[in-house]
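Protein chains in written order, with UniProt numbering: chain U, 1 to 167; chain W, 1 to 167; chain A, 1 to 497; chain Z, 1 to 497.
Beta carbons: idealized from backbone N, C-alpha and C, even for Gly.
None of the values given here were measured: they were computed from a predicted structure.
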Amino acid sequence: MKLQLEMAGGLRTIELERGEDPHQYRATVDGLEVAVEAHLLRPGVLSLIIDNRAYRAVLEDHAEEPTVHLGGQRHTYRIADPRSLKGRRAHAQGSDGPRPIKASMPGRVVRVLAQRGDTVEANQGVVVIEAMKMQNELKSPKAGVVAEVRVVAGGTVAAGDVLAVVE
Amino acid sequence: MKLQLEMAGGLRTIELERGEDPHQYRATVDGLEVAVEAHLLRPGVLSLIIDNRAYRAVLEDHAEEPTVHLGGQRHTYRIADPRSLKGRRAHAQGSDGPRPIKASMPGRVVRVLAQRGDTVEANQGVVVIEAMKMQNELKSPKAGVVAEVRVVAGGTVAAGDVLAVVE
Amino acid sequence: MFQKILIANRGEIALRIERACRELGIATVAVYSDADRAALHVLEADEAFRLGPAPAAESYLRGDLILDIARQTGAQAIHPGYGFLSENAGFAEACEKAGIKFIGPTSQAMRILGSKTSARQAADRAAMPRTPGSTRGLESIEEAYAVAEEIRYPVMLKAAAGGGGKGMRAVMRKEDLKGAFESAQSEAERAFGSSEVYLEKLIEQPRHIEIQLLADEHGNCVYLGERECSVQRRHQKVIEEAPSAVVGPALRQRMGEAAVRLAQAAGYTNAGTVEFLLDSEQNFYFLEVNTRLQVEHPVTELVTGLDLVHLQLHIAAGEPLPFTQQEVQLRGHAIECRVYAEDPDNGFFPSPGRITRLLQPGGPGIREDSGIYEGWVVPMDYDPMLSKLIAYAPTRELAIARLLRAIDEYVVGGIRTNLGLFRRILNDAGFRNAEIDTGYLDRLLSQATAAEEGNSEDVAALAAAIFGHHRATPTLAPIQPPESGWKHIARREGLRG
Amino acid sequence: MFQKILIANRGEIALRIERACRELGIATVAVYSDADRAALHVLEADEAFRLGPAPAAESYLRGDLILDIARQTGAQAIHPGYGFLSENAGFAEACEKAGIKFIGPTSQAMRILGSKTSARQAADRAAMPRTPGSTRGLESIEEAYAVAEEIRYPVMLKAAAGGGGKGMRAVMRKEDLKGAFESAQSEAERAFGSSEVYLEKLIEQPRHIEIQLLADEHGNCVYLGERECSVQRRHQKVIEEAPSAVVGPALRQRMGEAAVRLAQAAGYTNAGTVEFLLDSEQNFYFLEVNTRLQVEHPVTELVTGLDLVHLQLHIAAGEPLPFTQQEVQLRGHAIECRVYAEDPDNGFFPSPGRITRLLQPGGPGIREDSGIYEGWVVPMDYDPMLSKLIAYAPTRELAIARLLRAIDEYVVGGIRTNLGLFRRILNDAGFRNAEIDTGYLDRLLSQATAAEEGNSEDVAALAAAIFGHHRATPTLAPIQPPESGWKHIARREGLRG
């Protein structure tokens with residue numbers, strides 16, 4: 001199995017081959033060979049031994065941001081399918097075209113600060129969401145015109161919902 | 001859904017029908033009607049509310065002896081398929097015919113105390129198993145003749161393994 | 001002692017009170033909103049009653065419903081926990097009229113000490129040092145100018161009914177007073193239904209020190225040492241500890257005795273806390289009284305060895321305090337972290353949602369008071385506190401080390417938490433040297449974070465790949481469900497759920 | 001202080017030592033047998049080395065391998081925990097020769113106090129009361145008859161190298177002495193490789209009281225109060241508590257000072273325990289010395305507020321004790337239950353196997369020292385202890401109530417445990433009145449159990465049906481695995497594991 005992971009420190013290429021002992025792997029990380037012994041203690045919890053160093057790795061199941069907790073640090077990653085990687089990156093980084101404003105958490109819409117057709121600056125507040133007794137202003141990712149507002153004051157939103165689109 | 005459970009206090013007949021709210025059940029226990037609200041908090045852990053009484057029920061996954069822990073008590077049960085119930089009961093209670101001696105726990109065979117063809121009394125020790133630094137003698141369930149010994153000293157056994165058969 | 005009580009709260013504090021009741025043989029009645037049906041405080045209660053929809057105004061603040069349930073179940077007393085109805089004198093009075101014991105002070109004592117202005121008047125009567133300033137609500141901007149002139153800028157505007165930093169404004173110069181006065185009034189009106197604000201001298205770089213009190217209904221009142229809660233963000237406590245690194249026996253006794261005087265003058269009973277500011281010259285100034293059990297009560301429990309909820313119940317049942325002031329022994333050091341569902345890397349945005357993974361810390365000296373479990377969906381409707389992680393050790397240095405060890409063991413997945421922030425604070429030289437005041441955390445947060453060592457990313461990448469491998473090709477034998485004929489029966493019955 | 005140590009043990013004690021090391025900034029090297037690769041003490045270590053197959057003789061007792069690993073990793077010290085190599089003077093001596101600090105007494109002190117006969121001689125030199133009887137191994141049955149005649153029946157035969165009840169025989173009459181002598185000798189030979197047995201007067205219905213000692217390498221030695229461990233089954237401790245309900249300050253001081261005298265006379269260092277029998281007239285008799293940390297050390301930690309493993313590490317690093325005898329403060333009451341994988345309803349048969357369900361207790365005053373998790377397979381190769389559940393509270397009565405509350409929260413599924421036995425003991429009037437001696441538990445177990453209230457079986461049946469319903473027709477949204485393309489990649493790679 002060979003795969004690429006987008007991580008904070010850049011792209012990592014991992015090759016993984018299971019040995020005869022099902023807990024033993026021969027692996028390469030960016031071409032560097034390592035022998036890994038891995039036991040899945042329970043779902044999401046791995047005990048790794050690499051060169052007699054012991055590690056506890058905990059997988060945070062999260063559709064948007066799968067994350068491995070290791071030694072008190074969070075490592076969020078994304079599986080890069082080699083065939084689609086370039087396209088996705090280009091898409092994510094472009095500032096042209098319509099850009100959504102997404103809810104970063106579930107909550108209730110308290111106020112909508114801009115209407116369809118309004119001109120907004122980058123980082124101008126567009127929608128105010130309340131959750132857990134705190135209000136949070138969600139801001140425009142770019143300067144442009146509000147092309148769409150999908151929520152109304154009083155409504156409920158889920159994390160990841162598109163609240164508005166700025167062109 | 002209607003089913004019968006063999007429990008310590010006898011046979012219980014449960015009928016269960018889920019309401020419109022998926023957490024609400026109409027149920028009867030031995031014909032007595034009850035309304036139950038049940039939330040599965042995580043696998044094996046139920047929060048029940050019956051007439052505003054709150055209960056924590058924990059299921060012990062165990063192939064041989066499924067058990068519900070409730071208020072500090074263990075309730076072991078067996079699903080009784082009405083069609084096969086009578087046969088099974090009769091079988092379990094008979095003292096005629098061959099009876100197995102099963103390992104009640106995994107362990108190592110320390111000694112075999114009776115050989116094939118030996119006559120044994122009821123409760124006479126037949127095999128000694130060691131686990132966790134303790135030795136335990138497994139006894140004949142009835143008086144009879146040892147028809148079969150399936151283990152040898154030094155071997156390893158799993159819980160439920162048949163060690164010997166007495167006829 | 002009571003046979004049965006109702007717990008008018010949710011989350012970790014409801015569970016903590018249930019545990020105390022179980023230990024004392026008292027049956028418990030839980031209440032819950034629709035957002036909390038699957039909460040642990042419902043699971044662990046003896047009885048449970050639905051209050052209403054998720055919003056607190058339609059559930060946990062419905063004193064009328066809660067009293068009805070108490071009557072219906074025969075509960076002899078109501079424990080309000082903290083927040084919600086706990087400092088609502090009207091509710092306390094309704095309990096008194098219904099003949100159901102409110103586990104806290106009388107409504108009368110709560111009225112005297114619950115309003116900040118009225119409490120300042122009581123402090124004067126008890127000859128207790130307080131910040132210079134007014135002891136009544138300001139009636140006009142002119143009165144505000146006059147008071148500020150007298151006590152000198154900088155000053156603080158505060159809501160008399162306030163809490164949590166709402167209706168509070170620091171004013172450095174005369175020019176800013178009018179605008180601050182008006183906005184504080186309107187914020188106080190919105191938050192508390194009362195626009196009453198008053199002025200006091202702003203103490204610069206104060207420490208927040210508070211005294212835990214217990215008073216029985218026979219005139220006995222003791223102080224259980226102090227807690228230091230100077231690590232705050234936006235006037236909200238983040239870390240609390242006992243004892244304070246800067247409070248010695250003499251100062252402790254002076255503050256404790258002042259707090260006891262105030263409580264006795266007001267006819268206070270049950271558990272309560274008197275909050276003070278302490279300046280750099282060790283002068284202390286009365287701030288306010290919290291007329292209830294506090295979030296941070298465990299640090300006092302750990303250094304005194306007492307159980308404050310047990311004692312609240314005994315006091316409410318009319319029993320005398322079982323010890324005297326001289327018998328209170330303080331030993332060791334305790335620190336508490338308030339673990340929140342929020343994202344410190346992203347403006348402290350709240351982070352409700354499903355906890356997909358949970359590993360909880362344990363072992364020597366670690367106490368976790370929590371109401372969460374793996375699979376629980378943290379509702380968006382309430383305070384974002386997930387749990388309180390508390391370490392006890394012989395010294396402050398060891399309590400910090402122990403807390404860091406426990407934070408390393410603690411994993412919460414699926415939502416964001418402020419655990420990383422605690423790691424940063426507990427490793428900060430300023431905190432370790434106890435150089436803290438109420439502005440400490442804001443200063444720390446304004447500094448850039450040091451880059452973390454990044455060599456573990458290789459291992460994390462490997463782990464991610466192996467997790468994926470397991471998911472794609474499960475080879476470990478899963479735990480076998482009982483072969484109990486369920487599927488067979490379900491098929492036969494044509495069951496569809 | 002050490003930078004790195006090796007922990008030559010497994011299970012809860014290995015994890016407990018790792019936590020202490022993490023708190024003190026010491027790196028840890030774990031060792032494990034094939035049965036323990038998936039154990040928590042491996043997961044939480046910094047480094048981990050395989051020793052060999054499951055049997056202890058091929059793994060945890062391989063002192064040679066363990067010393068090699070210590071050398072190879074640069075570990076400066078070895079903590080032996082309890083059991084395994086912890087009282088092996090030969091191993092301690094090998095560590096000394098290798099220049100690796102053995103965290104415990106010197107091999108010389110261990111030799112003096114580790115043998116029961118030699119320890120009895122040391123007790124005489126320290127003018128410490130002991131049971132009447134021999135202080136050397138019996139050389140013949142004639143000598144046995146003579147000693148028994150002198151001290152009068154009933155007498156106890158004991159193995160000099162003994163522990164855990166092996167090689168021990170109570171002899172009531174002269175007629176039984178010869179058979180008991182021979183069987184005790186051969187049992188001792190088999191268990192300890194030494195047939196040395198001696199005779200002492202049998203104390204009737206004694207309480208087991210022990211004194212915890214700490215001695216540094218600069219001549220300072222303190223006692224940290226007593227523990228009562230009278231609740232035993234077959235000479236194995238089941239419940240331990242501190243303080244003892246029958247030991248007052250004067251007796252505590254006499255026993256403590258006697259224990260300190262013995263330790264100092266033997267040149268003892270680090271943590272150790274002097275065990276005594278206490279008769280109904282409050283006479284105490286020296287029993288033996290445990291030259292190591294004990295299973296039940298947490299009850300002493302809770303009532304003293306100290307961390308014994310931290311202190312062991314500081315002492316082994318050559319530091320002086322950081323407090324004097326006068327500074328030791330005892331406060332409150334602690335009780336520990338040893339939770340075993342065994343079936344009290346079925347002759348206490350061991351019950352190894354997979355833990356299919358685990359709910360662990362928590363909250364105020366509860367400490368659980370464990371090395372288990374849901375899904376862990378308890379190996380058949382070692383001691384059946386799963387965890388130690390410890391409650392701390394202001395009084396003995398409250399500690400019992402708290403422990404019962406925690407036991408109600410505790411669920412272990414898949415294997416049998418003795419949790420129900422603790423429920424029975426803690427509810428027993430004899431235990432609650434502290435009317436306990438080393439025969440207490442056997443007497444309790446010989447009584448029929450009261451029938452349990454059975455009205456919860458209806459609810460259990462309903463719960464079983466609903467569990468089955470969920471299994472047959474899963475309708476609750478399971479936690480979604482990340483849609484991270486794993487399956488796609490696995491398919492594309494033709495991965496088969």
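Please determine, among the options, the residue with the shortest C-alpha to C-alpha distance to residue i.
{"i": "residue 431 of chain Z", "options": "Z:410, Z:263, Z:231, Z:302", "result": "Z:231"}
{"i": "residue 2 of chain A", "options": "A:312, A:201, A:128, A:43", "result": "A:312"}
{"i": "residue 242 of chain A", "options": "A:368, A:224, A:425", "result": "A:224"}
{"i": "residue 113 of chain U", "options": "U:105, U:128, U:104, U:45", "result": "U:128"}
{"i": "residue 351 of chain Z", "options": "Z:419, Z:142, Z:156, Z:291", "result": "Z:419"}
{"i": "residue 32 of chain A", "options": "A:409, A:49, A:26", "result": "A:49"}
{"i": "residue 349 of chain A", "options": "A:340, A:414, A:355, A:357", "result": "A:340"}
{"i": "residue 98 of chain U", "options": "U:31, U:157, U:140, U:25", "result": "U:140"}
{"i": "residue 173 of chain A", "options": "A:151, A:318, A:186, A:185", "result": "A:151"}
{"i": "residue 305 of chain A", "options": "Z:413, Z:204, Z:209, Z:398", "result": "Z:398"}
Going by DSSP, what residue range makes up the beta strand (DSSP E) through residue i?
{"i": "residue 107 of chain U", "result": "107 to 112"}
{"i": "residue 4 of chain Z", "result": "4 to 7"}
{"i": "residue 90 of chain A", "result": "Segment 89 to 98 is the alpha helix (DSSP H) holding residue 90 of chain A; no beta strand (DSSP E) there."}
{"i": "residue 49 of chain U", "result": "45 to 50"}
Does residue i have its Cβ less than 8 Å from a Cβ in chain U?
{"i": "residue 480 of chain A", "result": "Its pLDDT being 39, under 50, residue 480 of chain A is placed unreliably by the model, and the measurement read from it follows with that caveat. So no, residue 480 of chain A is outside the interface."}
{"i": "residue 424 of chain A", "result": "no"}
{"i": "residue 391 of chain A", "result": "no"}
{"i": "residue 37 of chain Z", "result": "yes"}
{"i": "residue 47 of chain Z", "result": "yes"}
DSSP on residue i, reduced to helix/strand/coil?
{"i": "residue 276 of chain Z", "result": "strand"}
{"i": "residue 236 of chain Z", "result": "strand"}
{"i": "residue 116 of chain W", "result": "coil"}
{"i": "residue 294 of chain A", "result": "coil"}
{"i": "residue 344 of chain Z", "result": "helix"}
{"i": "residue 134 of chain W", "result": "strand"}
{"i": "residue 62 of chain A", "result": "coil"}
{"i": "residue 156 of chain A", "result": "strand"}
{"i": "residue 85 of chain U", "result": "Bear in mind that the predicted position of residue 85 of chain U carries a pLDDT of just 43, short of 50, making it too unreliable to give a figure here."}
{"i": "residue 181 of chain A", "result": "helix"}
Please confirm if residue i has its CB atom under 8 Å from at least one CB of chain A.
{"i": "residue 167 of chain U", "result": "no"}
{"i": "residue 9 of chain U", "result": "yes"}
{"i": "residue 40 of chain Z", "result": "no"}
{"i": "residue 12 of chain W", "result": "no"}
{"i": "residue 153 of chain W", "result": "no"}
{"i": "residue 16 of chain Z", "result": "yes"}
Tell me the residue span of the alpha helix (DSSP H) that contains residue i.
{"i": "residue 79 of chain W", "result": "Looking at the DSSP string, residue 79 of chain W is not in any alpha helix (DSSP H); the run it does join, the beta strand (DSSP E), is 78 to 80."}
{"i": "residue 255 of chain Z", "result": "249 to 265"}
{"i": "residue 430 of chain Z", "result": "429 to 432"}
So that I know if they touch, is there some Cβ in chain Z lying closer than 8 Å to that of residue i?
{"i": "residue 99 of chain U", "result": "no"}
{"i": "residue 159 of chain U", "result": "no"}
Does the beta carbon of residue i come closer than 8 Å to any beta carbon on chain W?
{"i": "residue 192 of chain Z", "result": "no"}
{"i": "residue 10 of chain Z", "result": "no"}
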